[in-house]
Amino acid sequence: MKIKSNRMEILFWRHSTAAQKKHGSCTLYLRITVNGERADLGSTGIKVFSGHWIDQAQRINGKDPYANFKNEQVALAQTRLLAIYNELLRKNQGISADRIKRLHQRPESVTYLTAFDLFEKEYYKDSSIAKSTKDRLKTVKQSIVSFLLEQRLQNILIEEFDTAVMNNYRQWCKSQNFKEGYYLRNMREVKRITEFAKSKKLIDFDPLEDYKIGREKIAKPVYLDSVQLSIWKSHKFQNSSAQQVADLFVLYARTGFHYRDLMQVIKKPKDYVTTGIDGKQWVMKPRQKNEIDAKVPVHEFPEVKEIVDKYGGWSKLPTMANSTINDWLKICVADFNMHVEPFFRVYNGLSVKHGRSSFCDYCLNELVLPEKSILTMMGRESASELKRYARADERGIVNGFLISKAALAS
Numbered sequence: 198m199k200i201k202s203n204r205m206e207i208l209f210w211r212h213s214t215a216a217q218k219k220h221g222s223c224t225l226y227l228r229i230t231v232n233g234e235r236a237d238l239g240s241t242g243i244k245v246f247s248g249h250w251i252d253q254a255q256r257i258n259g260k261d262p263y264a265n266f267k268n269e270q271v272a273l274a275q276t277r278l279l280a281i282y283n284e285l286l287r288k289n290q291g292i293s294a295d296r297i298k299r300l301h302q303r304p305e306s307v308t309y310l311t312a313f314d315l316f317e318k319e320y321y322k323d324s325s326i327a328k329s330t331k332d333r334l335k336t337v338k339q340s341i342v343s344f345l346l347e348q349r350l351q352n353i354l355i356e357e358f359d360t361a362v363m364n365n366y367r368q369w370c371k372s373q374n375f376k377e378g379y380y381l382r383n384m385r386e387v388k389r390i391t392e393f394a395k396s397k398k399l400i401d402f403d404p405l406e407d408y409k410i411g412r413e414k415i416a417k418p419v420y421l422d423s424v425q426l427s428i429w430k431s432h433k434f435q436n437s438s439a440q441q442v443a444d445l446f447v448l449y450a451r452t453g454f455h456y457r458d459l460m461q462v463i464k465k466p467k468d469y470v471t472t473g474i475d476g477k478q479w480v481m482k483p484r485q486k487n488e489i490d491a492k493v494p495v496h497e498f499p500e501v502k503e504i505v506d507k508y509g510g511w512s513k514l515p516t517m518a519n520s521t522i523n524d525w526l527k528i529c530v531a532d533f534n535m536h537v538e539p540f541f542r543v544y545n546g547l548s549v550k551h552g553r554s555s556f557c558d559y560c561l562n563e564l565v566l567p568e569k570s571i572l573t574m575m576g577r578e579s580a581s582e583l584k585r586y587a588r589a590d591e592r593g594i595v596n597g598f599l600i601s602k603a604a605l606a607s
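In terms of our numbering, the sequence shown has 224 at position 27, counting the first letter as 1, and numbering is strictly consecutive.
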């Protein structure tokens, strides 16, 4: 006799290997049928003598000394399948034999952090992803772990990580004084975990599928214009380390490189400093993050040659950690701002990234170079990325007309 629940039938059946047949034993296998669709769920692991199994009753007879225990295992398997079926019925979700099979084979409970760990393992195996991007995932994980611990949600199941939890995470990020761009990027990574869980069939639905993270309101870029940078370059900083950092900032402001990319050029200049198609010096460096070549005609930026010559060549330029440079830049700014007129003072929170924005602003508004040329020098492809670093302003308009008039006059 088959046990039937509305439209689902549960059947245990005997299967014997060649070795089992010699001893007259078998293993119980499990099968379900829903609306005529059949799915084999595989072995139950319950082993019995073939003669002890009663097909009609779907139970083991009393001749087996462990009949009570084994029958309890059979009943538990039936109960779990019925629970899965009834839960789908209660939620008015689509019911099929294959879906019940997937839910049956899935671990009964997967926490969000367990799913994160699984995602992390696959992510780190992907050789196409840059190390810096992988390192960023570690930062995101630290953030979400801190949030879950603080909220006592470290054991939250993946399907329970819904829009309410995500909204709480957003508010928590704000309470930590994270910048909008930072926590929105974090939230996108957090959302990827539920997407991953669904793709791996750890959950049947993505609780964040319809969640809208929103776009960052891009703040007005902070930069040093050419006048400020000229004063900065000629300023004599009192500390030798501060002077080195100030010089490095000039290089960042006239190459547009990220921290790591410039450090790699300094350490291996023969790999990246080359002669361009114009017969002059260029730096061609695949960006650390995307492997797109940044192509910078350094001969067009005399400040670069001046700094490089000051130290006796690319390989003799100072190198230091990103955090060290940023810490020293704060000291440099304090020194600089004490000695210049208020109009020329620079941003107190100056960091390496403001070197990139200074480079982009100079190229866009003072040299009036085409956006595509600027993107090529930066090793980027999307014009939208440029908006993070520079905005066209009236200087670009004035300089553009001057260039046009000069071209017409000639």
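In this text, a Cβ means the ideal position worked out from N, Cα and C, and glycines have one as well.
Considering Thr241, what are the terminal residues of the beta strand (DSSP E) in which it resides?
Thr241: member of the beta strand (DSSP E) spanning 234-246, first to last residue.
From the DSSP output, which residues share a beta bridge with Ser222?
Looking at the DSSP output, Ser222 shares a beta bridge with Phe246.
How long is the line joining the alpha carbons of Leu566 and Cys560, rounded to whole angstroms?
In a straight line, the C-alpha of Leu566 is about 6 Å away from that of Cys560.
So Leu421 and Val543 are supposed to be a Cβ contact under 8 Å. How far apart are they, rounded?
Confirmed, Cβ separation roughly 6 Å.
Can you check whether the CB of Arg553 is closer than 8 Å to the CB of Phe498?
With a cutoff of 8 Å on beta-carbon distance, Phe498 and Arg553 are scored as not near each other.
Roughly how many angstroms lie between the CA atoms of Tyr456 and Asp558, to the nearest whole one?
Tyr456 and Asp558 have their C-alpha atoms roughly 18 Å apart.
Take Asp590 and list the residues in its own chain whose beta-carbon comes closer than 7 Å to its own, dropping the five residues that flank it on each side.
Here the set comprises Asn562.
Do Val387 and Leu354 have their C-beta atoms closer together than 8 Å?
No, the pair does not count as a contact, with Cβ atoms beyond the cut-off.
Quick check on Arg412: does DSSP put it in helix, strand or coil?
Here DSSP, grouped into helix, strand and coil, assigns Arg412 to coil.
8 Å CB neighbourhood of Lys331 in its chain, flanking five on each side removed
A distance below 8 Å between beta-carbons, with the five flanking residues on each side excluded, links Lys331 to the following residues of its chain, in chain order: Tyr320, Tyr321.
Ordered along the chain, which non-local residues of its own chain (more than five positions away) have a Cβ less than 8 Å from that of Gly248?
Gly221, Lys260, listed in sequence order.
Grab the span of the beta strand (DSSP E) containing Thr471 for me, first residue to last.
Judged by DSSP secondary structure, Thr471 falls within the beta strand (DSSP E) whose first and last residues are 470-472.
Under the three-state reduction of DSSP, which class applies to Asp558: helix, strand or coil?
Look at Asp558 here: in three-state DSSP terms it is helix.
Could you check how far apart the C-beta atoms of Leu310 and Val342 are, in whole angstroms? I think they sit under 8 Å.
Cβ-Cβ separation between Leu310 and Val342: approximately 7 Å, consistent with a contact (criterion under 8 Å).
Continuous alpha helix (DSSP H) stretch holding Phe209: start and end
If you look at Phe209, you'll find it isn't in any alpha helix (DSSP H); it sits in the beta strand (DSSP E) that goes 205-212.
Please look up how many angstroms separate the CB atoms of Gln485 and Ala604, rounded, as I've assumed it's under 8 Å.
With a Cβ gap of about 38 Å, Gln485 and Ala604 do not count as contacting.
Assigned exposure category for Asp237 - 16 Cβ within 10 Å defines buried
A residue is called buried once 16 or more other Cβ atoms fall within 10 Å of its Cβ, and Asp237, having fewer, is exposed.
On a Cα-Cα basis, can you pick out the residue from Asn523, Ala274, Asn436, Arg412 that is closest to Asp532?
Closest by alpha carbon: Asn436.
Reduced DSSP secondary structure (H/G/I, E/B, other) of Met517
In this structure, Met517 counts as coil in the three-state DSSP scheme.
Just to confirm the assignment, what range does the alpha helix (DSSP H) spanning Asp490 have?
From DSSP, Asp490 is part of no alpha helix (DSSP H) but of the beta strand (DSSP E) over 490-493.
Ignore the nearest five residues each way along the sequence and tell me which others in Pro515's own chain have a CB closer than 7 Å to its CB.
For Pro515, where only same-chain residues beyond five positions count, the Cβ hits under 7 Å are Gln441, Leu445.
To which residues of the same chain is Gln425 closer than 7 Å at the C-beta, ignoring the five residues directly before and after it?
Around Gln425: Phe541, Val543.
Nearest by alpha-carbon distance to Asp461: which of Met481, Ile297, Trp525 is it?
Just to set this straight, residue 461 is Gln in the shown sequence, not Asp. Just measuring C-alpha positions, the residue of Met481, Ile297, Trp525 sitting nearest Gln461 is Met481.
Those residues which DSSP pairs with Val442 across a bridge
Beta-bridge pairing links Val442 to no other residue.
Leaving aside the five residues before and after Ile571 along the sequence, list all residues of the same chain whose C-beta is less than 7 Å from its C-beta, in chain order.
Excluding residues within five positions, the ones whose Cβ falls inside 7 Å are Cys557, Cys560, Leu561, Leu583.
Reduced DSSP category for Gln478 - H, G, I as helix; E, B as strand; rest coil
Three-state result, Gln478: strand.
Among the residues of its own chain, which have a CB less than 6 Å from the CB of Lys395, if the five just before and after it don't count?
Once the five neighbours on either side are set aside, the close Cβ partners of Lys395 are Asp403.
Roughly how many whole angstroms lie between the Cα atoms of Arg412 and Gln368?
Those two C-alpha atoms are separated by around 16 Å.
Throw me the rounded Cβ distance for the Ser695 and Trp525 pair, which I believe falls under 8 Å.
The displayed coordinates of the chain run from 198 to 607. Any statement about residue 695 would go beyond what the structure contains.
Nearest to Val362 (by Cα), restricted to the options Gln270, Ile410, Tyr263, Leu399
If we check each option's Cα against that of Val362, Ile410 comes out closest.
Put Lys201 into one of helix, strand or coil per three-state DSSP.
Model confidence at Lys201 stands at a pLDDT of 47, short of 50, so the residue's coordinates are unreliable and nothing is read from them.
Answer yes or no: do Ile229 and Ala294 have a C-beta to C-beta separation smaller than 8 Å?
Contact: yes.
Backbone secondary structure at Ile257 - three-state DSSP:
Three-state result, Ile257: strand.
For Ala443, is the beta carbon positioned less than 7 Å from some heavy atom of the ligand FMN?
You won't find the ligand FMN in this model; it holds no ligand whatsoever.
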